[in-house]
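Single-structure report; data block below.
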Amino acid sequence: MKKIRGNKRRIKKIENWRINNLKIDLDYPEKTNKDYVKIRIFPWNPVAMSIHNYPNPKGKIRKKIIESFFDIYESWNIQLKELGKPFYLKIWLFEPNIYDSQVVCAINDKIEYYENIFYKPKIEKNIAKSHFEKISNRLNNFNWSYSIEEYPIFENEYLRENFTSEKDYLEEQKCLKRELKKPYREINQVREGIKEKLFLIKGSEVWLGEK
């Protein structure tokens, strides 16, 4: 795992990113019914993290990122009220990949979509017992709910008839078995008139914060 150097420089870049995102362009959600902001300071973006295996932000940098999201949320909250209509506004804090975290807003038909975008387990967790608990006292200013990000795997897409060679089929079967070693939910469904199993693989844990 590569080391990350130049913390002071990166904290300054995060501060510039924070300032640049405090104001939301209300014309954009009016057109698209949604908007969001993510941290995209090198090396904390999905491409760099996956290729170079950089560690997740820690210490002062982690704290700076999270508190920047708090500031952006509070600023957006004031501005979105100017629309005079219901809106969705939440902070999404991802564990363990903090670089996936974001502030998300939505209006009109996108509100329901974002309210149901994550799986909500029956057993609720308390953020006070998470890795975020000691990072910032401002955490207690928000109401948090625990959710899980999932990604789908359709069993029918792994049938032999979908592959031109036995080699490709066996390779994909290995991938499927590897994925199914992770926690998942199984759903029987009908898609395009054909019965199939849908595997919803557990990804990141997500804390949804709002006021």
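Under our numbering, the residues of the sequence shown are numbered 1204 to 1414, in order.
Glycine is no exception: its CB is placed at the ideal position from the N, C-alpha and C atoms.
In this text the structure is predicted, and so the values were computed from the model without any measurement.
Hey, how far is the Cα of residue 1220 from the Cα of residue 1287?
28 Å
Take residue 1327 and list the residues in its own chain whose beta-carbon comes closer than 7 Å to its own, dropping the five residues that flank it on each side.
1349
From residue 1338 to residue 1377, what distance separates their C-alpha atoms?
40 Å
contact_flag[the region 1310-1319, the region 1340-1347] where n(CB pairs < 8 Å) is 3 or more:
no
Excluding sequence positions up to five away, which residues of its chain have a Cβ less than 7 Å from the Cβ of residue 1413?
1292, 1293, 1345 and 1346
Inter-residue Cα distance where the pair is residue 1238 and residue 1248
18 Å
Going along the chain, which residues of its own chain have a beta-carbon closer than 8 Å to the beta-carbon of residue 1214, five neighbours each way excluded?
1263, 1264 and 1267
How many angstroms separate the CA atom of residue 1282 from the CA atom of residue 1332?
32 Å
With distance defined between alpha-carbon atoms, name the residue in 1285, 1258 and 1322 nearest to residue 1300.
1258
Are the beta-carbon atoms of residue 1352 and residue 1409 separated by less than 8 Å?
yes
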